[in-house]
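Trainee: Residues 0 to 145 in numbering that gives the first Met the number 0 are what the sequence shown lists, from first letter to last.
Built from N, CA and C at the ideal position, the CB exists for glycine as well.
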Amino acid sequence: MRDRNVKSRALVMRAIGSVLAVAVLVFAVSAQAQDSPQIGLKIRTLTAELRKQHNLPEATKGALVTAVTAGSPAQEKGMSAGDVIVEAGGKAVDTARAVAKTIAAGSASGNVSFKVMNSKGEYRDVTVPVPKKPAAGSSAIVPGPK
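1) Can you find the residues in the same chain that come closer than 6 Å, C-beta to C-beta, to Ser-118, ignoring five residues on each side of it along the sequence?
2) Do the segment 106-117 and the segment 86-95 touch if we need at least three Cβ pairs shorter than 8 Å?
3) How long is the line joining the alpha carbons of Ser-71 and Ala-91, rounded to whole angstroms?
4) Have a look at Arg-123 and Lys-76 and give me their C-alpha separation to the nearest angstrom.
5) Rounding to the nearest angstrom, what Cα-Cα distance links Ala-62 and Leu-45 in this structure?
6) Excluding five sequence neighbours on each side, which residues of the same chain lie with their C-beta closer than 8 Å to the C-beta of Thr-101?
7) Kindly indicate which three-state DSSP category Met-12 falls into: helix, strand or coil?
8) Measuring straight from C-alpha to C-alpha, what distance separates Thr-59 and Lys-131?
9) Is it buried or exposed, Ala-30, if we count other Cβ atoms within 10 angstroms and call 16 or more buried?
See below:
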């Protein structure tokens, strides 16, 4: 009987330790996200499925803009949901992570440049200012094209 109690207590202690570890990790990630520059974009790595959903050419690589925050630097520069970021900082990108790294690096210079393809396949260059601190205020998101 005592052996069962010891095993139960050990199991409970491991579970509590796991929950605490996750809580610390979530706190650390959220604190890091608050310190990173915000330009108002939600992006996803462009996958074959997303290319098909958005009728994009098979060879297109980059990060799909899924949402743009209202009043953000990205919205002010004309970026919208459905755009595909194919270059960031003058370099071709094929993942959302690569775009995020370029945005983070752009906080030093104060802006980041993108080559963006819209849903019609037209390319344009966009330079977005990168604020030193996360933008405060509205977190409303502008809906994208249907």
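Mentor: Checking against the coordinates, here is how it stands:
1) Within the sequence shown, residue 118 is the residue found at index 119, counting from 1. Residues of the same chain with a CB within less than 6 Å of the CB of Ser-118, apart from the 5 flanking positions on each side, are Gly-81 in chain order.
2) Per the Cβ contact rule, the segment 106-117 is in contact with the segment 86-95 (3 or more Cβ pairs under 8 Å).
3) By one-based count along the sequence shown, residue 71 stands at place 72. By one-based count along the sequence shown, residue 91 stands at place 92. Straight-line measurement puts the Cα of Ala-91 at about 24 Å from the Cα of Ser-71.
4) In the sequence shown, counting from the first residue as 1, residue 123 sits at position 124. In the sequence shown, counting from the first residue as 1, residue 76 sits at position 77. Distance from the CA atom of Arg-123 to the CA atom of Lys-76, rounded to whole angstroms, is 11 Å.
5) Here residue 62 refers to the residue found at position 63 of the sequence shown. Here residue 45 refers to the residue found at position 46 of the sequence shown. It is roughly 5 Å from the alpha-carbon of Ala-62 to the alpha-carbon of Leu-45.
6) Here residue 101 refers to the residue found at position 102 of the sequence shown. Within the same chain, Thr-101 has close Cβ partners Ala-87, Gly-88, Lys-90, Val-92, Val-111.
7) In the sequence shown, counting from the first residue as 1, residue 12 sits at position 13. Looking at Met-12 - three-state DSSP - the assignment turns out to be helix.
8) Here residue 59 corresponds to residue number 60 of the sequence shown, with the count starting at 1. Here residue 131 corresponds to residue number 132 of the sequence shown, with the count starting at 1. Per the coordinates, the alpha-carbon of Thr-59 lies some 32 Å from the alpha-carbon of Lys-131.
9) Within the sequence shown, numbered from 1, the residue matching residue 30 stands at position 31. For Ala-30, the predicted structure reports a pLDDT of 37, less than 50, and the residue's modelled location is therefore unreliable. A value from the coordinates is still provided. Under this definition Ala-30 is an exposed residue.
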